[in-house]
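Residue numbers (the numbering used here): 381 to 622.
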Ligand code: GLP
């Protein structure tokens with residue numbers, strides 16, 4: 381599996397072969413990996429080289445370390461296409477996972493400027509401020525805070541937001557979301573977020589902001605989300621000269 385005569389660095393060959401074992405299911409999520417020492421002995425390489433290989437896979441999100449316990453295979457990241465607007469509920473169901481939410485906050489507040497502006501409403505107009513932990517098969521994936529004009533989306537309740545905001549808007553109010561603009565930034569988890577997401581404080585996360593618009597161009601929601609970077613990657617198909 382490792383060929384010292386190849387002009388390919390040994391750590392790279394080792395990382396590749398471990399990655400292959402993960403991809404083909406030989407090493408399953410949660411499986412414990414041999415130690416650096418064991419790899420070093422098995423392939424007659426230095427521990428430094430073995431460490432370099434494991435580090436690369438940790439940095440790429442294939443493996444994770446638990447202090448004092450060792451190195452383990454990470455869960456596969458969900459690949460989320462950036463084309464098409466799906467709700468969290470739809471997205472998880474399409475993957476065969478059970479979506480659920482844990483409601484952290486539900487309140488109608490007078491919109492401060494930074495919320496009124498993206499929603500194109502008057503300052504201090506009433507908006508729902510809703511914060512939910514979003515879970516897939518009971519595993520926390522993201523924390524989302526939605527700001528929604530209370531004059532536009534009437535009758536939201538805790539029960540509704542525990543299910544699906546988009547489903548309520550579209551099925552009950554016939555408000556169809558047609559477009560959205562979204563930004564994605566890398567960041568690290570604050571201590572409280574880390575606790576909710578069951579990751580370490582300072583672990584990588586992605587901060588996403590979305591403004592979604594109805595067919596007539598009215599902003600329907602302004603959303604700030606924090607997604608686990610160890611569980612998510614975003615995918616977009618691109619075309620040159622378009
Ligand atoms: C995704 C989007 C959010 C949107 C949410 C609605 O998570 N990033 O902007 O508010 O879906 O989800 P649901 O309809 O499940 O409440």
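Every residue gets a Cβ at the ideal spot worked out from N, C-alpha and C, and that includes glycine.
Alpha-carbon spacing of residue i relative to residue j, whole angstroms
| i | j | result |
| --- | --- | --- |
| residue 573 | residue 398 | 31 Å |
| residue 526 | residue 464 | 19 Å |
| residue 593 | residue 404 | 41 Å |
| residue 466 | residue 614 | 13 Å |
| residue 383 | residue 391 | 11 Å |
| residue 608 | residue 516 | 12 Å |
| residue 519 | residue 575 | 13 Å |
| residue 440 | residue 454 | 10 Å |
| residue 534 | residue 584 | 36 Å |
| residue 493 | residue 588 | 20 Å |
| residue 478 | residue 542 | 13 Å |
| residue 423 | residue 580 | 33 Å |
Bounding residues of the beta strand (DSSP E) (the contiguous stretch that carries residue i)
| i | result |
| --- | --- |
| residue 498 | Here residue 498 belongs to no beta strand (DSSP E); instead the alpha helix (DSSP H) covers 493-499. |
| residue 519 | 519-529 |
| residue 397 | From DSSP, residue 397 is part of no beta strand (DSSP E) but of the alpha helix (DSSP H) over 390-403. |
| residue 503 | No beta strand (DSSP E) contains residue 503, which DSSP labels as neither H nor E. |
| residue 484 | 479-490 |
| residue 443 | 443-446 |
| residue 459 | 458-461 |
| residue 615 | 612-615 |
Limits of the alpha helix (DSSP H) - the one that residue i falls within
| i | result |
| --- | --- |
| residue 422 | 416-423 |
| residue 548 | That residue, residue 548, is in no alpha helix (DSSP H); it is neither H nor E in DSSP. |
| residue 600 | Not the alpha helix (DSSP H): residue 600 falls in the beta strand (DSSP E), residues 599-608. |
| residue 539 | 538-543 |
According to DSSP, residues forming a beta bridge with residue i
| i | result |
| --- | --- |
| residue 560 | 592 |
| residue 469 | None; residue 469 has no bridge partner. |
| residue 565 | 587 |
| residue 450 | 446 |
>> Closer than 8 Å is the cut-off here; do at least three beta carbon pairs connect the stretch 503-513 with the stretch 474-486?
In response: Because the criterion of three Cβ pairs below 8 Å is met, the stretch 503-513 and the stretch 474-486 touch.
>> Three or more C-beta pairs under 8 Å: does that hold for the stretch 421-432 against the stretch 468-480?
In response: no
> Would the stretch 547-558 and the stretch 498-506 be scored as touching if the rule is three or more Cβ pairs under 8 Å?
Replying inline: no
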